[in-house]
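Trainee: For the sequence shown, this note's numbering assigns the number 23 to the initial residue and increments by one for each residue that follows.
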Amino acid sequence: MAQTFQNASVLVTGGASGIGRAIAVAFASAGAQVAIADRQAEGGRAVAAQIEAGGGQALAITADVTNAGSVAEMVKTAAHAFGKLDVAVNNAGILGVPAPLHDADEELFDQVLNVNLRGLFLCMKYEIRHMLKQGGGRIVNVASLAGLVGFSGFAPYAASKHGALGLTKTAALEYAKSNIRVNAVCPSIIATPMTAGERIPPELVANYLKAHPMRRAGKPEEVASAALWLASDEASFVNGAALTVDGGAFAQ
């Protein structure tokens with residue numbers, strides 16, 4: 023069944039490209055008013071313009087998820103623009119540079135955890151504060167298959183995504199009685215700029231796909247569909263879940 027979010031207010035972090043862009047567009051197509059938050063202001067405005075050109079309502083917000091003040095202002099702006107904050111999708115994240123753990127750069131480790139874990143913590147903190155005031159809401163965190171299993175060559179990323187699932191589960195327990203559901207999607211390799219040779223070596227991607235049950239990378243739209251379902255009323259009894267969107271990779 024197609025998900026409907028008519029008149030719902032949705033905030034998507036990291037919404038300027040890749041999975042975040044697909045999620046923002048999908049919510050808008052389902053009738054939602056969408057705030058696209060990203061450090062890349064131009065990219066965020068482009069997504070907002072795309073949504074508005076299709077007849078939807080969208081707002082671009084320049085935000086840095088590692089900065090508490092920026093995150094607080096991001097949530098305030100999104101909620102004020104649409105009068106409420108029904109759904110927050112925390113997608114902002116970075117991959118880092120491939121290296122075995124003993125050669126991993128310490129500053130890069132801090133950077134990855136600062137964006138992927140501390141940034142997620144800050145987003146959830148201020149989103150939940152607003153949702154408590156308004157009487158409820160739904161949060162979907164974009165984690166990773168690397169939050170469930172190891173990811174050779176990307177120790178900081180795997181550590182951050184394991185932490186993301188810990189935050190997801192803990193928040194789900196803490197706010198279940200407050201009408202706030204918190205879940206996560208865990209994609210495997212998805213065909214986005216992040217995996218198209220920018221960060222992950224092409225040979226690593228090729229080897230992964232060769233061993234993949236479905237022999238292909240996922241599409242951003244497939245992750246978006248899972249995020250919409252988790253945020254919908256059809257998933258009203260789903261809370262604290264880590265939903266894999268991986269073509270069966272985790273089942274191996």
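Each residue gets a CB set at the ideal place from its N, CA and C atoms; glycine is no exception.
Apart from the five residues just before and just after Arg67, which ones in its own chain have a Cβ nearer than 7 angstroms to its Cβ?
Mentor: Here the set comprises Ala82.
Trainee: In angstroms with no decimal places, state the Cα-to-Cα distance between Gly159 and Ala54.
Mentor: Roughly 14 angstroms separates the two Cα atoms.
Trainee: For Pro242, count neighbouring Cβ atoms within 10 angstroms of its own Cβ and tell me buried if that reaches 16, exposed if not.
Mentor: buried
Trainee: Quick check on DSSP: helix, strand or coil for Val260?
Mentor: coil
Trainee: For Asp108, tell me which candidate among Leu265, Ala273 and Ser254 has the shortest Cα-Cα distance.
Mentor: Ser254
Trainee: In three-state DSSP terms, what is Leu139?
Mentor: helix
Trainee: Taking 7 angstroms as the limit between beta carbons, can you name the residues of its chain near Leu130, skipping five residues before and five after?
Mentor: Gly118, Val119 and Pro178
Trainee: Using 8 angstroms as the threshold, is the C-beta distance between Asn163 and Ala186 below it?
Mentor: yes
Trainee: Strictly by DSSP, which residues pair up with Cys208?
Mentor: The beta-bridge partner set that DSSP reports for Cys208 consists of Thr266.
Trainee: Among Ala273, Val97, Ser258 and Gly40, which has the Cα closest to the Cα of Lys199?
Mentor: When each option's Cα is compared against that of Lys199, the closest is Ser258.
Trainee: Run through the DSSP bridge pairs and tell me what Phe176 is partnered with.
Mentor: Ala121
Trainee: What is the C-beta distance between Gly115 and Gly240, in whole angstroms, given that I count them as a contact (C-beta under 8 angstroms)?
Mentor: Rounded, the Cβ-Cβ distance is 16 angstroms, inconsistent with contact.
Trainee: Just how far apart, CA to CA, sit His102 and Val87?
Mentor: 19 angstroms
Trainee: Specify the secondary structure class of Leu170 as computed by DSSP and reduced to three states.
Mentor: Coil, per DSSP.
Trainee: Smallest Cα separation from Pro209: which of Glu256, Ser166 and Ala193?
Mentor: Ser166
Trainee: Can you name, in chain order, every residue of its own chain whose Cβ lies under 7 angstroms from the Cβ of Ala281, other than the five neighbours on each side?
Mentor: The requested residue 281 is not part of the displayed model; the chain covers only 23 to 274.
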